[in-house]
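Colleague: Per my numbering, the sequence shown starts with residue 24, numbered consecutively.
Structure in structure tokens, see below.
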Amino acid sequence: MGTAISSLSGGGVKRVLRGSYYGSSNTGAYITIPEVNPEKAFVNMPVSISYGATDNDSSDAIGGWATSIWCELIDSKTIFVRNLVEMYTGGGYPIQRRYVNVVWEVIEYV
């Protein structure tokens with residue numbers, strides 16, 4: 024569970040760590056960062072990209088894109104990033120997978 028921004032006290036921003044992830048793992052990735060105080064830090068995704076499309080299949084199957092894109096501060100030295108986008112049809116199995124570039128930042132307060 025995250026820390027509400029309103030509960031962070033102190034004198035402002037101590038530092039901001041930024042990076043991006045463009046891997047191709049279905050399960051996402053753990054990224055090591057310089058140590059932060061998890062009680063005074065949170066991870067943000069200022070930019071992410073997604074896909075949109077229509078189902079051009081001539082059958083009656085209905086399709087759509089499902090996104091699984093997020094970042095999470097796991098502990099003082101680790102963030103988790105997932106960047107998976109899948110295309111589904113009426114059969115329920117993904118027929119296409121895409122991995123989008125995710126830009127992340129960890130903001131630590133004083």
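Don't be surprised by glycine CBs; every beta carbon is placed ideally from N, CA and C.
#1: Using the Cα positions of S91 and I97, report the straight-line distance between them to the nearest angstrom.
#2: Which first and last residues belong to the beta strand (DSSP E) in which P117 is found?
#3: Would Y122 and G46 qualify as a contact pair, given that the criterion is a beta-carbon distance under 8 Å?
#4: By the 10 Å Cβ neighbour count, where 16 or more other Cβ atoms means buried, how is R120 classified, buried or exposed?
#5: Look at the Cβ atom of P69, then the Cβ atom of E131, and state whether they are nearer than 8 Å.
#6: Please go through the segment 48–74 and give each complete beta strand (DSSP E) segment of 3 or more residues, from N-terminal end onward.
#7: Smallest Cα separation from T101: which of T112, W93 and Y53?
Modeller: According to the structure data:
#1: 17 Å
#2: P117 to Y122
#3: yes
#4: Residue environment: R120 is assigned as exposed (fewer than 16 neighbouring CB atoms within 10 Å of its CB, all protein chains considered).
#5: no
#6: Assignment of beta strand (DSSP E) within the segment 48–74, counting only whole runs of 3 or more residues, yields 52–55 and 64–71 in chain order.
#7: Y53
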